[in-house]
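J.: Sharing a structure below in structure tokens format, with a few things to ask.
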Amino acid sequence: MHWNSFHRVPLIKDKSIHDVLEERGLLEDYVSKYPVSPSDEDAELATTSNEPLKNYFDISYFGVISIGTPPQSFKVVFDTGSANLWVPSTYCNTNACTNHKRFNPNLSSTFRASSTGISILYGTGSMTGLLGYDTVSVAEIEVTNQMFAMSETEPGIFLYYASFDGILGLSYPSLAIGGATPVFDNMMTENLVTEDVFSFYLSPNGQTGSVVTFGGTDPSYYTGQINWVPVTSQTYWEITMTNSYAFQLHHSKSFFYLILQAMVNCNNIQSLPNVVITLNGYEFSLPPSAYISQSSGCSTGFGLNGKDQLWILGDVFIREWYSIFDRANNRVGFAKSV
């Protein structure tokens with residue numbers, strides 16, 4: 001594929017909500033009030049009107065998009081676990097909104113109002129807002145008349161401490177709330193991308209170099225062949241492991257599943273084994289350097305997931321394996337990241 005046939009959005013690595021709460025001495029109090037419980041997550045996954053807020057607890061990668069004419073810029077999570085686009089708006093005066101950039105529909109000549117409201121339930125409250133239509137620009141791709149949500153209220157202290165302003169969902173349209181068509185679906189329908197594919201590269205080098213690419217794959221970010229795994233549920237990007245466990249590929253998760261962190265001795269990291277995950281007959285290996293976090297002590301990036309046989313492959317996995325989301329063929333591809 002020619003280099004200019006796809007569009008890249010640089011991903012910014014910033015402090016997660018977890019990091020900010022920890023720095024301010026608020027983490028223990030927050031977790032005691034809003035425990036990250038496997039049973040809570042299972043319940044929230046049961047309905048598309050619920051968006052598990054804890055999915056964003058350890059997110060540290062964001063990209064910039066713009067909405068309106070002239071463009072108003074926002075830092076968003078490119079979330080493969082949801083399907084709606086929403087940002088704070090000037091309709092919202094809660095602390096979480098005033099602490100972030102807010103979309104002002106009165107400043108956009110292309111904005112079109114809607115009378116439809118939206119409510120997304122979280123473990124700590126709900127985001128309520130209004131739906132509207134406007135031009136959304138992602139990596140120089142302009143999607144006209146894109147339906148998106150403008151928040152009127154945002155829950156508790158959680159989003160107040162977020163480094164991101166809003167969320168751009170990249171899951172299947174079956175998860176979209178309020179009848180919205182996801183941004184990437186509109187890109188496909190309007191033939192704004194060469195291929196119905198987007199892909200993630202998460203740099204191992206810290207703050208810079210990570211990117212989400214729309215319209216194809218970028219060979220400069222991976223080596224070797226791409227191994228494909230079929231999607232088993234066209235809701236979340238769900239795939240099946242060889243031993244019949246289900247995986248939800250969710251780049252927003254900093255750990256496989258952030259519930260419990262097992263502490264390990266920092267001096268023993270190199271003696272730990274590689275973790276090998278088998279998908280569609282292909283083996284994907286994670287060295288200890290990939291699944292051990294040394295940000296504060298040394299802890300593994302593994303956690304429990306309650307009663308369901310569902311794992312989430314998040315940042316830990318994607319930093320090692322360039323990840324390709326193929327809507328045309330309903331499959332996910334992995335190649336070794338450079």
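Residue numbers are given in UniProt numbering: position 30 of the sequence shown equals residue 30, and the series is strictly consecutive. All C-beta atoms in this analysis are idealised placements derived from N, C-alpha and C, irrespective of residue type, glycine included.
#1: Does the beta-carbon of residue 29 have 16 or more other beta-carbons within 10 angstroms, so that it is buried, or is it exposed?
#2: Just list the residues that DSSP pairs residue 75 with in beta bridges.
#3: Does the distance from the CB of residue 67 to the CB of residue 19 come in under 8 angstroms?
#4: Would you be able to state if there are at least three C-beta pairs under 8 angstroms between the region 185–196 and the region 161–171?
#5: Could you give the first and the last residue of the continuous beta strand (DSSP E) run that contains residue 143?
#6: Is it right to say residue 24 is buried, meaning 16 or more other beta carbons lie within 10 angstroms of its own, or is it exposed?
#7: Alpha carbon to alpha carbon, how far is residue 82 from residue 190? Give it in angstroms, no decimals.
#8: The beta strand (DSSP E) with residue 284 in it runs from where to where?
#9: How many whole angstroms separate the CB atoms of residue 151 and residue 89, which I take to be in contact at a CB cut-off of 8 angstroms?
#10: Would you call residue 117 buried or exposed, if buried means 16 or more other Cβ atoms sit within 10 Å of its Cβ?
#11: Output the boundary residues of the alpha helix (DSSP H) element that contains residue 183.
#12: Once you ignore the five residues that flank residue 160 on each side, which residues in its own chain have a CB closer than 7 angstroms to its CB?
#13: Have a look at 338, 323, 184 and flag the residue whose alpha-carbon is nearest the alpha-carbon of residue 84.
#14: In this structure, how does DSSP classify residue 177 when only helix, strand and coil are distinguished?
#15: Give the single residue among 79, 75, 93 whose Cα lies nearest to the Cα of residue 87.
T.: Judging by the given coordinates:
#1: exposed
#2: 64
#3: no
#4: no
#5: 141–153
#6: exposed
#7: 21 angstroms
#8: 282–286
#9: 6 angstroms
#10: exposed
#11: 183–189
#12: 95, 96, 99
#13: 184
#14: coil
#15: 75
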